[in-house]
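Engineer: What follows is a structure written as structure tokens; I'll ask about it next.
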Amino acid sequence: VAGLAIAPAVRVLVADAFGNGIAGSSVALALVGSGTLSGATPATTDGNGVATFAALSVDLAGSKQLTATSGVLTPVTSSAFTVSAAAAATLAFNVQPSDVVAGVAIAPAVRVLVADSFGNAVSGSSVALTLVGSGTLTGGTAVLSDASGLATFAGLSVDLAGAKQLTASSGALTPVASSAFTVSAAA
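Read in order, the letters of the sequence shown correspond to residues 0 to 186 in the numbering used here.
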């Protein structure tokens, strides 16, 4: 999970050509690809030739690998592992509501992004919209965010003309207000 220590701890063995562990070797780790690797202060191998990294974490979700280096030895790359998004922490309008005629669906569809504290998209979060101002909002009932962290509200409409805003909410997250938009009277 993004931001949490990788468990179990990452361990790197430094050995001679016969497989004997070499004590006292400095080992450094680096992240292959995007993101920030925390807790990767170089470690020294123990009596068995093992360097242990107990507090490693990665901030960006996705498939990752680590590269270990030690002196003049050939660097080695870990097998791939997956970092998932942390818990939902923020809401933001990804597509703001546009001016519309009363009773007509807002186009393009309004979208709200759910992200963790590192900016990773969070899927499966329930997001609902409410109308700020007079009138009735149709189509703002809760929808789940998709794999891209987006909750899409197709078919939103408002029945009364005037200046409006929407508020997005999801559980205990701080609600967020949209940009203002205008609903014009129907012809």
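Even for Gly, the Cβ is constructed at its ideal location relative to N, Cα and C.
1) Return helix, strand or coil for Asn93, following the three-state DSSP convention.
2) Considering only the beta carbon of each residue, do Thr40 and Ala50 sit closer than 8 Å?
3) Could you tell me whether the Cβ atoms of Leu155 and Leu136 are closer together than 8 Å?
4) Determine the contact status of Gln164 and Ala179, defining contact as a CB-CB distance below 8 Å.
5) Tell me whether the beta-carbon of Leu112 lies closer than 8 Å to the beta-carbon of Gly138.
6) Assign Asn47 to one of two classes, buried (16 or more other C-beta atoms within 10 Å of its C-beta) or exposed (fewer than that).
7) Tell me whether Val121 is buried or exposed, calling it buried when 16 or more other Cβ atoms sit within 10 Å of its Cβ.
8) In the DSSP output, which residue or residues are listed as bridge partners for Gly18?
9) What are the boundary residues of the beta strand (DSSP E) that Phe152 is part of?
10) Verify whether the separation of the beta carbon atoms of Ala101 and Ser177 is less than 8 Å.
11) Give the straight-line distance between the Cα atoms of Pro74 and Arg110, rounded to the nearest whole angstrom.
12) Taking DSSP's pairing of strands, which residues face Leu112 in a bridge?
13) Within 10 angstroms of its Cβ, does Asn119 collect 16 or more other Cβ (buried), or is it exposed?
Structural biologist: If we stick to the structure as given:
1) Correct three-state label for Asn93: strand.
2) no
3) Judged by their CB atoms, Leu155 and Leu136 are nearer to each other than the 8 Å cut-off.
4) yes
5) Going by C-beta atoms, Leu112 is not nearer than 8 Å to Gly138.
6) Classified as exposed, Asn47 has fewer than 16 neighbouring CB atoms from the shown chains inside 10 Å of its CB.
7) buried
8) BP columns for Gly18 are empty, so no partner.
9) Leu149 to Phe152 is the extent of the beta strand (DSSP E) around Phe152.
10) Taking the C-beta atoms as reference points, Ser177 is found no nearer than 8 Å to Ala101.
11) 44 Å
12) DSSP lists Ala91 and Leu149 as partners of Leu112.
13) buried
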